[in-house]
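Engineer: Quick one: structure below, then a few questions.
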Amino acid sequence: MGLIRRPIRAMQLKLRFSLLMVVAISGVSFAQNSKVTVPDIPGFYTLKADFHMHTVFSDGHVWPTFRVNEAIRDDLDVISLTEHIDYEGFPDIIDQDYNKSYEIATKAAENKELIIIKGVEISPRVAPYHHNALFLEDANILPTEYMKSGKAEFVMKDSVTHDQLMGPFLAVKKQNAFVSYNHPSWGWWDTKDTVLFTSFHQELLDADILKGVEVVNSGNYNVIAHRMALEYDLTMLCNTDEHYDNHPRYKDTHRPMTLVFAKEKTAEGVEEALFAKRTALYFGDYVVARQPEAEALFKASVDVFTERKMRKSEPLLVVNFINNSDIPFEAKMKAEYDIEGFPLGQVRIAAHDTTQVILKAVWEYPEETKIIVSVENILVTPEAGLQTEFVISAKENK
Ligand SMILES: [Zn+2]
Ligand SMILES: [Zn+2]
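In this text, residue positions in the sequence shown follow the numbering used here: the first is 9, and each later residue adds one.
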């Protein structure tokens with residue numbers, strides 16, 4: 009975003025259950041330098057990433073080394089400094105070298121466990137609007153013919169041609185970059201584009217250039233972008249788009265991030281995962297992901313073990329949900345038996361805690377039984393939370 013910031017939009021997500029309200033109010037607070045604990049999933053490392061931020065090398069207000077330290081403070085594994093290719097707040101610093109921001113950050117991250125991805129933001133104010141290009145080779149050869157003169161202020165030519173707008177996209181495609189549509193609907197750029205996936209976006213998709221969409225920008229969930237990701241089969245991203253120190257904005261929560269499920273902890277591993285669409289978006293107490301990643305992350309976060317218990321002469325099954333992650337899950341459970349003490353089966357599986365669910369009365373213990381769980385704060389579509397189940401083994405206690 010940048011240049012002119014509009015006030016943070018209210019979350020577009022409807023809080024459908026009062027339990028979620030409680031979560032929203034209580035939040036999860038993290039001290040600075042605190043760890044963000046989300047588990048790996050089977051076959052993949054879970055890398056914490058932010059693919060969109062700015063420094064003085066475009067319209068940000070911090071030096072690239074600040075972004076490196078900030079990311080380490082926030083327990084990230086991967087960042088990209090995505091300077092606008094067409095806006096220079098400090099032309100003297102940039103001195104027409106658009107790779108410099110990346111180079112300074114890379115040097116600062118040497119011997120640190122932080123992966124720096126070379127990226128840029130292509131930012132015309134007409135369709136197709138702002139896009140990030142990640143895994144670039146050279147940011148110095150991207151044409152910005154749609155600009156009027158210079159980049160110290162953002163002024164585009166009076167009549168911009170399609171070819172001028174297409175120029176940087178074709179250039180980044182030659183470098184095999186991963187391109188994502190940033191913050192669709194920010195400011196609703198052009199009222200003639202009432203549909204945010206314009207013919208230009210269709211063209212980028214058809215040309216195999218457009219690969220992703222930012223569903224969460226600066227902590228704001230964008231329901232239109234979520235629908236767009238599902239309709240056009242795009243990788244989903246959650247980025248801060250930070251221009252300042254992000255701490256004041258996220259002091260009461262963790263930094264919003266894209267969880268990347270990578271085969272290896274390298275830039276190549278991140279790249280492969282992004283092209284393969286293996287991401288989950290983690291912001292506040294919400295996760296947005298496709299079904300396979302949503303289910304894997306939830307199951308990796310929560311261990312379940314079951315005990316048979318007698319309470320006076322009442323036979324019970326006590327199911328322990330052990331949540332090893334930072335994410336409190338708002339579950340709705342159904343079982344073949346009655347669930348004690350949780351009206352409508354609404355159970356909060358608190359973070360780093362064990363939540364006991366008692367099934368009763370189990371006059372005859374089965375070999376196994378199922379608990380069907382819907383997780384309301386893991387969105388697999390804008391309308392639906394994750395649906396999954398646990399098979400509970402109810403064997404005799406040793
Ligand atoms: Zn932008
Ligand atoms: Zn900006």
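Where a beta carbon is used, it is the ideal one built from N, C-alpha and C, also for glycine.
Predicted model, so just to flag it, every value in this text is computed and none were measured.
#1: Shorter than 7 Å, the distance from the beta carbon of residue 94 to the closest heavy atom of ligand 2, or not?
#2: Can you give the beta carbon distance from residue 140 to residue 59, rounded, assuming they're within the 8 Å contact cut?
#3: Would you say the beta carbon of residue 62 comes nearer than 7 Å to a heavy atom of ligand 2?
#4: Grouping DSSP H, G and I as helix and E and B as strand, with all else coil, what is residue 32?
#5: Tell me whether residue 100 sits in a helix, a strand or coil according to DSSP, three-state version.
#6: So, at 8 Å on beta carbons, what are the nonlocal neighbours of residue 87 in its own chain, with the 5 sequence-adjacent residues on each side left out?
#7: Going by CA-CA distance only, name the one from 48, 386 and 189 that's closest to residue 291.
#8: Tell me the rounded alpha-carbon separation between residue 398 and residue 350.
#9: Within its chain, find whatever has a CB closer than 6 Å to the CB of residue 380; leave out the 5 residues flanking it on each side and keep chain order.
#10: Can you determine whether any heavy atom of ligand 2 sits closer than 7 Å to the C-beta of residue 67, and answer yes or no?
#11: Please state whether the Cβ-Cβ distance between residue 165 and residue 96 is less than 8 Å.
#12: At 4 residues or longer, what runs of the alpha helix (DSSP H) sit wholly inside the region 253-307?
#13: Given this structure, state the Cα-to-Cα distance separating residue 334 from residue 163, to the nearest angstrom.
#14: Use the C-beta contact count for residue 30: other C-beta atoms within 10 angstroms, 16 or more gives buried, fewer gives exposed.
#15: Would you check whether ligand 1 has a heavy atom nearer than 7 Å to the C-beta of residue 249?
#16: Under 7 Å: does the beta carbon of residue 254 sit that close to some heavy atom of ligand 1?
#17: Considering just the uninterrupted stretch of the beta strand (DSSP E) at residue 378, what are its terminal residues?
#18: Could you tell me the alpha carbon to alpha carbon distance between residue 314 and residue 275, rounded to whole angstroms?
#19: Taking residue 220 as the reference, give the member of 69, 48, 138 and 49 with the closest Cα.
#20: Please report the residue range of the beta strand (DSSP E) in which residue 128 lies.
#21: For ligand 3, is there any heavy atom lying closer than 7 Å to the beta carbon of residue 190?
#22: Whose CA, out of 368, 309 and 131, lies closest to the CA of residue 174?
#23: Whole angstroms are fine: how far does the CA of residue 402 sit from the CA of residue 206?
#24: Distance, Cα to Cα, residue 271 vs residue 85?
#25: Does DSSP classify residue 353 as helix, strand or coil?
#26: Compare the beta carbon distance of residue 204 and residue 193 with 8 Å and say whether it is the shorter of the two.
#27: Whole angstroms are fine: how far does the CA of residue 261 sit from the CA of residue 294?
#28: Kindly indicate the opening and closing residues of the alpha helix (DSSP H) around residue 77.
#29: Enumerate, from N- to C-terminal direction, the unbroken alpha helix (DSSP H) stretches of 4 or more residues contained entirely within the region 135-192.
Structural biologist: In this structure, then:
#1: For residue 94, the CB stays at least 7 Å from every heavy atom of ligand 2.
#2: That belief holds up - the Cβ atoms of residue 140 and residue 59 are roughly 6 Å apart, short of 8 Å.
#3: Yes, Cβ of residue 62 sits closer than 7 Å to a heavy atom of ligand 2.
#4: Interpretation of residue 32 is limited by its pLDDT of 36, a score under 50 that renders its predicted location unreliable; the figure taken from the coordinates is listed afterwards. Correct three-state label for residue 32: helix.
#5: Of the three classes helix, strand and coil, the one that applies to residue 100 here is helix, per DSSP.
#6: Taking residue 87 as the centre and dropping the five residues before and after it, the same chain places the C-beta of 57, 58, 59, 61, 75, 76, 79, 113, 122, 123, 124 and 125 closer than 8 Å to its C-beta, in chain order.
#7: Ranking the options by Cα distance to residue 291, first place goes to 386.
#8: Computed Cα separation, rounded: 18 Å.
#9: Answer for residue 380: 342 and 397, listed in chain order.
#10: Yes; taking the cut-off as 7 Å, the Cβ of residue 67 has a heavy atom of ligand 2 nearer than that.
#11: No.
#12: 255-258 and 275-283, all fully within the region 253-307.
#13: Those two C-alpha atoms are separated by around 44 Å.
#14: Note that residue 30 scores 35 on pLDDT, short of 50, meaning its location in the model is unreliable and no value can be drawn from it.
#15: Residue 249: yes, Cβ under 7 Å from ligand 1.
#16: No heavy atom of ligand 1 is found nearer than 7 Å to the CB of residue 254.
#17: Residue range 376-387 is occupied by the beta strand (DSSP E) that includes residue 378.
#18: If you take the alpha carbons of residue 314 and residue 275, they lie about 41 Å apart.
#19: Of the listed residues, the one whose Cα sits closest to residue 220 is 138.
#20: Start and end: 123-130.
#21: Ligand 3 is absent from the structure shown, which contains only ligand 1 and ligand 2.
#22: Cα-wise, what sits closest to residue 174 is 131.
#23: Distance between the alpha carbons of residue 206 and residue 402: 54 Å.
#24: Spanning the two alpha carbons is a distance of roughly 14 Å.
#25: Reduced to three states, the DSSP call for residue 353 is helix.
#26: Yes.
#27: Linking residue 294 to residue 261 through their CA atoms gives a straight-line distance of about 11 Å.
#28: Here the alpha helix (DSSP H) through residue 77 covers 72-81.
#29: As far as the region 135-192 is concerned, its whole alpha helix (DSSP H) runs of at least 4 residues are 170-182.
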